[in-house]
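K.L.:
For the sequence shown, this note's numbering gives the first residue as 654, with consecutive numbering after it.
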Amino acid sequence: MKLRLVIQSGSMAGHQFELEKGALQIGRANDCNVRFDDGLVSTYHSIIQSDNGGFYIADQGSMNGTFINGQKVENVWLKSGDVIELGNAGPKLKAMMEDDAAVTAPPLTPAPAITITDRITGAIAYNPEKEKPATSKYAGITVGLIIAGFMSLVVMGIMIGTLGFVGAFVGAIMAFTPAPFYLMIVLYLDRYDPEPVWALAGIYAWGALVAIFISFIINTAF
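1) Looking at the unbroken beta strand (DSSP E) that takes in A711, where does it start and where does it end?
2) Hey, Q678 and I660 are a contact pair by Cβ (cut 8 Å); roughly how many whole angstroms apart?
3) Could you tell me the boundaries of the beta strand (DSSP E) in which K655 lies?
4) Which of the three DSSP states is assigned to V736 in this structure?
5) Is D771 helix, strand or coil by DSSP?
6) Would you please state the rounded distance, in angstroms, between the beta carbons of D691 and P744? I believe it to be under 8 Å.
7) Give the DSSP-derived three-state secondary structure of E751 in the structure shown.
8) Going by other Cβ atoms of all chains shown within 10 Å of its Cβ, with 16 needed for buried, is M665 buried or exposed?
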């Protein structure tokens with residue numbers, strides 16, 4: 654069984670890669686077999702692995718996700734004709750198996766094809782059938798939200814008790830008004846491997862809560 658990967662869009666559009674055995678590492682790192690320069694593609698975005706006469710693709714914790722035919726996936730067996738998308742509206746790759754590759758391949762600008770026949774050194778062998786749901790991730794998010802909510806109530810009580818309602822309201826506006834500008838700067842610097850906006854905003858908010866809480870303790874003690 655042979656897999657032909659046709660790059661339909663993105664910085665590698667027009668290129669083709671063939672895989673019989675081993676793996677194809679997809680991402681922006683220099684050691685990736687399929688290397689993109691697109692900002693939506695993570696350093697190590699996903700990997701395609703041959704196994705038991707078939708091929709499967711596994712997302713490697715990419716920031717923007719891996720999509721098959723428009724559906725976000727963690728790992729899945731590939732079928733001929735599947736369209737792989739690296740991030741929503743990111744580069745698209747079409748997977749075609751052995752016999753129908755020559756018939757259904759769309760016309761492309763001539764580009765060199767790369768055949769991978771040996772197992773890639775250091776490639777991650779990952780079997781999707783053995784994958785278990787990552788319930789611990791959701792538990793961590795829940796605990797984080799509970800802690801953040803508790804800290805918010807504590808800080809709100811401190812500010813209202815110290816400054817009064819009007820003073821606390823004005824202080825909150827003055828403190829958080831510049832935050833979007835800081836966030837825009839960070840997003841610009843991080844544009845090549847972007848973090849979610851909600852994560853960056855949460856970091857700023859958490860830092861503000863902790864700073865106010867610690868400042869109150871120090872001012873009260875001394």
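Heads up, the beta-carbon is just placed ideally off N, CA and C, and yes, glycines get one too.
P.N.:
On the basis of the coordinates in this document:
1) 707 to 712
2) Their Cβ separation, rounded to whole angstroms, is 15 Å, which puts Q678 and I660 out of contact at 8 Å.
3) Taken as a continuous stretch (DSSP letters only), K655 belongs to no beta strand (DSSP E), as it is neither H nor E.
4) strand
5) In this prediction, D771 has a pLDDT of 43, which is less than 50 and means its spatial position is unreliable; what the coordinates show is noted afterwards. Correct three-state label for D771: coil.
6) 5 Å
7) helix
8) buried
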